[in-house]
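S.K.:
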Amino acid sequence: MTIYQIKQELLAGKTIFDLPLKVTYYARVSTEKEEQMNSLENQVSFFEEYIRKNQNWIFISGYVDEGISGITSLKRENFMKMIEDSKQKKFDLIIAKEVSRFSRDTIDSLFYTRKLLEYDVCVYFLSDNIITASNDGELRLTIMSSMAQDEVRKISERTKFGFKRAIDKGTVLGTNNIWGYKKAKGKLIIDEEEASIIRKIFATYANDNKIGLKKLSMELAKQGYYNHNGNRFHQNTLKKIIQNPKYKGYYTGGLSTVVDYRTKKRNFNDKKQWKVFKDYEKVPPIISEDLWEKANKKLMSRGKNAPTYQRHQTRYPLSGKLYCEKHKCSFVRKVRHYKNKPDIVYWYCSNFHKTGKRDCMLACFKETDLYNLLLYLFKRYETYEAEICNELMNLYIEISNQENNIVQEMKCKNEIQMLKNKKDKLLDLTLDGILNEEELKIKKISIEKEIFTLETKLKELEGKKSKQEKEKDAYKKLRENIGKELIISKNNIEDYIDELIDKIMIQENTMNDKAESKIELKISVIGGGYQIISFIPEEKKQND
Numbered sequence: 001m002t003i004y005q006i007k008q009e010l011l012a013g014k015t016i017f018d019l020p021l022k023v024t025y026y027a028r029v030s031t032e033k034e035e036q037m038n039s040l041e042n043q044v045s046f047f048e049e050y051i052r053k054n055q056n057w058i059f060i061s062g063y064v065d066e067g068i069s070g071i072t073s074l075k076r077e078n079f080m081k082m083i084e085d086s087k088q089k090k091f092d093l094i095i096a097k098e099v100s101r102f103s104r105d106t107i108d109s110l111f112y113t114r115k116l117l118e119y120d121v122c123v124y125f126l127s128d129n130i131i132t133a134s135n136d137g138e139l140r141l142t143i144m145s146s147m148a149q150d151e152v153r154k155i156s157e158r159t160k161f162g163f164k165r166a167i168d169k170g171t172v173l174g175t176n177n178i179w180g181y182k183k184a185k186g187k188l189i190i191d192e193e194e195a196s197i198i199r200k201i202f203a204t205y206a207n208d209n210k211i212g213l214k215k216l217s218m219e220l221a222k223q224g225y226y227n228h229n230g231n232r233f234h235q236n237t238l239k240k241i242i243q244n245p246k247y248k249g250y251y252t253g254g255l256s257t258v259v260d261y262r263t264k265k266r267n268f269n270d271k272k273q274w275k276v277f278k279d280y281e282k283v284p285p286i287i288s289e290d291l292w293e294k295a296n297k298k299l300m301s302r303g304k305n306a307p308t309y310q311r312h313q314t315r316y317p318l319s320g321k322l323y324c325e326k327h328k329c330s331f332v333r334k335v336r337h338y339k340n341k342p343d344i345v346y347w348y349c350s351n352f353h354k355t356g357k358r359d360c361m362l363a364c365f366k367e368t369d370l371y372n373l374l375l376y377l378f379k380r381y382e383t384y385e386a387e388i389c390n391e392l393m394n395l396y397i398e399i400s401n402q403e404n405n406i407v408q409e410m411k412c413k414n415e416i417q418m419l420k421n422k423k424d425k426l427l428d429l430t431l432d433g434i435l436n437e438e439e440l441k442i443k444k445i446s447i448e449k450e451i452f453t454l455e456t457k458l459k460e461l462e463g464k465k466s467k468q469e470k471e472k473d474a475y476k477k478l479r480e481n482i483g484k485e486l487i488i489s490k491n492n493i494e495d496y497i498d499e500l501i502d503k504i505m506i507q508e509n510t511m512n513d514k515a516e517s518k519i520e521l522k523i524s525v526i527g528g529g530y531q532i533i534s535f536i537p538e539e540k541k542q543n544d
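Here it is as structure tokens:
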């Protein structure tokens, strides 16, 4: 049935239970604790029985999210799958226990229930007795969602206050995954097996001036010391261990603050805001203060003497452009020197380079192999240059004409501000006796709905604006190059790499049981388009 048909039937006096509908359900619990998981099983059992016992309904398998917060929908995999399935008309009605199970954010609730209505799907919230297809469904949903959202805010504030009180009392917070310790009843207890590794890390690093973090990682591996995953210790892990005051018996709290209860965005505090003090009772030391100070003095000294690098150095044409799809990291450049033949330049997967773990078929490539591929691609571009440029110039003109979005964005912002001012004046009108409380309530809800609609529209406009600006930059770059004669050869290929190449994603491709490296070249001048080239490098140096 369509939403229009459902609304007409409801207006005619029928109930949702009288209609021939395909019905599914959505269930969620926010933690994976045993009692909550039992609650989830009960929810699923209840919904299935509830739907099946109605002879007018057709049961459709439900959607369940386990151990996930309801503050934002994007992290709920099965919730998003349900939204996608609704586009395919797999069901007409979704049953949820209550609004807070669906979403604890007002904007989220309204956004997705409206989307579902667009797809001819309505939602029935059992405990709240809200049917989104009914005339007052959205109004009641707005009120209940606002209450659910405010409850989340209150819980967040209470949690923050609780954490602050716990820190003031010196209670050890955080997870139970700190190396060398186990946490119990707000205190740390030394785990002797892991503590021996911590002592080894500090002693080796502090007492050997020739050893850095990378060599320390390799030395620990030689002696049979590995992390919890059975791999070599990462340099960043070792750095954090050395910097942690807990190992010398100091309580450490207040390192970060949650700044938004909805997104859970966390900001790390300045060291001046940390709460650090000696507390051997709750944080027993694994090493002496002298050894900790010695190791940290060396760490700071090496940091000051180390050269400063940008995120991606751009002294080479391929710097910052090569990425390993498997390990989600960039490639680094290395030169191999030989006595009786010319030097050879290789590009290594940085994960392989740091860890030495040989699980990457893409460990390294000859620079000459990559240049030959790019030369081949540029020659193809040269052949079709006129057609490509003509097409992209049209796209550039089209995007340039979309400046109207900026006007709409400004208009939205102005209207939102006017509505907010109008909302602020409602209380004055009530106090002056012009409006009674009931009129105040109705007008306030009406204004809030208008503000929500405009804020949703503004979000969409801002998203379009960001995308258009990126596309305009790409097309503008092309426009500047139109008319230039492309005469590309091995001798001048480096001049064109920075001009034309945006990114090279390197990923594994297995065909006929042979490992093949597929390189995906994304060329900025064609506004986000890409060309895929597959090849097998002449020589894989990961076994060198």
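Numbering (the UniProt record's numbering), first residue to last: 1 to 544. For glycine and all other residues, C-beta sits at the position ideal for the given N, C-alpha and C.
1) Output needed for residue 325: all residues of its chain with C-beta closer than 7 Å, excluding positions within five of it in sequence on either side, in chain order.
2) Under three-state DSSP, which class holds residue 120?
3) For residue 376, name the three-state secondary structure that DSSP assigns.
4) Could you name the residues of the same chain whose beta carbon sits closer than 6 Å to that of residue 25, not counting the 5 residues immediately before and after it, in chain order?
5) What residues are listed by DSSP as bridge partners for residue 96?
6) One question on the structure: do residue 123 and residue 102 come within less than 8 Å of each other, judged by their Cβ atoms?
7) Using CA coordinates, which residue listed in 233, 198, 197 is at the minimum distance from residue 213?
8) So, residue 370 versus residue 299, is the Cβ gap smaller than 8 Å?
9) Specify whether the stretch 410 to 417 and the stretch 371 to 379 touch according to this definition: at least 3 beta carbon pairs, one from each stretch, less than 8 Å apart.
10) Quick one: give me the first and last residue of the alpha helix (DSSP H) that residue 85 is part of.
11) In three-state DSSP terms, what is residue 417?
12) Check for me: the alpha helix (DSSP H) holding residue 202 runs from which residue to which?
13) Ignore the nearest five residues each way along the sequence and tell me which others in residue 127's own chain have a CB closer than 7 Å to its CB.
14) Around the C-beta of residue 291, are 16 or more other C-beta atoms found within 10 angstroms, so that it is buried, or is it exposed?
15) Between residue 276 and the rest of its own chain, which residues show a CB-CB distance below 6 Å, the 5 nearest in sequence each way excluded?
16) What residue does the alpha helix (DSSP H) around residue 11 start on, and which one ends it?
17) Over what stretch of residues does the alpha helix (DSSP H) that includes residue 366 continue unbroken?
18) Specify, as a first and last residue, the run of the beta strand (DSSP E) that residue 58 falls within.
19) Does DSSP put residue 182 in a helix, a strand or coil?
20) Find out if the Cβ-Cβ distance for the pair residue 332, residue 343 is shorter than 8 Å.
21) Under 7 Å Cβ to Cβ from residue 52, same chain only, skipping five residues before and after it: list those, please.
22) Which value, in whole angstroms, describes the spacing of the CA atoms of residue 6 and residue 237?
23) Alpha carbon to alpha carbon, how far is residue 339 from residue 330?
24) Alpha carbon to alpha carbon, what distance is there between residue 426 and residue 15?
25) Where do the ends of the alpha helix (DSSP H) carrying residue 217 lie?
26) Alpha helix (DSSP H) containing residue 238: first to last residue?
27) Considering just the uninterrupted stretch of the beta strand (DSSP E) at residue 322, what are its terminal residues?
28) Within its chain, find whatever has a CB closer than 8 Å to the CB of residue 27; leave out the 5 residues flanking it on each side and keep chain order.
29) Would you kindly work out how many angstroms separate the C-alpha atoms of residue 4 and residue 133, rounded to a whole number?
30) For residue 284, which of 200, 223, 419, 180 has the nearest alpha-carbon?
31) Near residue 129, what residues of its chain come up, given a Cβ to Cβ distance below 7 Å and the 5 sequence neighbours on each side ignored?
M.R.: From the atom records:
1) So the qualifying residues of the chain are 505, 506, 507.
2) Residue 120 falls in the coil class under three-state DSSP.
3) Here DSSP, grouped into helix, strand and coil, assigns residue 376 to helix.
4) For residue 25, the CB contacts under 6 Å within the same chain, skipping 5 residues up- and downstream, are 47, 62, 95 in chain order.
5) DSSP, once it has assigned bridges, lists 26, 125 as partnering residue 96.
6) Against a cut-off of 8 Å, the Cβ pair of residue 102 and residue 123 comes out as a contact.
7) The option with the nearest alpha carbon to residue 213 is 233.
8) For residue 370 and residue 299, no; Cβs fall outside 8 Å.
9) Between the stretch 410 to 417 and the stretch 371 to 379 there are fewer than three C-beta pairs closer than 8 Å, too few to call the two in contact.
10) 77 to 87 is the extent of the alpha helix (DSSP H) around residue 85.
11) In this structure, residue 417 counts as helix in the three-state DSSP scheme.
12) Per DSSP, residue 202 belongs to the alpha helix (DSSP H) from 192 to 207.
13) Residues 97, 98 of the same chain have their beta carbon placed closer than 7 Å to that of residue 127, with the five preceding and five following residues left out of the count.
14) Result: buried.
15) Contacts found: 245, 250, 252.
16) Unbroken alpha helix (DSSP H) run through residue 11: 3 to 11.
17) No alpha helix (DSSP H) holds residue 366; the beta strand (DSSP E) holding it covers 364 to 366.
18) It spans 57 to 59 - the beta strand (DSSP E) in which residue 58 sits, taken as one unbroken run.
19) Here DSSP, grouped into helix, strand and coil, assigns residue 182 to strand.
20) Cβ distance not < 8 Å, so residue 332 and residue 343 don't count as in contact.
21) So the qualifying residues of the chain are 59.
22) For residue 6 and residue 237, the distance between alpha carbons rounds to 58 Å.
23) Distance from the CA of residue 339 to the CA of residue 330, rounded to the nearest whole angstrom, comes to 30 Å.
24) For residue 15 and residue 426, the gap between their C-alpha atoms comes out near 37 Å.
25) Counting along the chain, the alpha helix (DSSP H) containing residue 217 begins and ends at 213 to 222.
26) Looking at the DSSP string, the run of the alpha helix (DSSP H) that includes residue 238 is 235 to 243.
27) Counting along the chain, residue 322 sits inside the beta strand (DSSP E) bounded by residues 322 to 324.
28) Once the five neighbours on either side are set aside, the close Cβ partners of residue 27 are 40, 43, 44, 47, 62, 63, 64, 65, 96, 97, 101.
29) If I take the Cα positions, the gap works out to 9 Å.
30) Of the candidates 200, 223, 419, 180, the one whose C-alpha sits nearest the C-alpha of residue 284 is 180.
31) Around residue 129: no qualifying Cβ.
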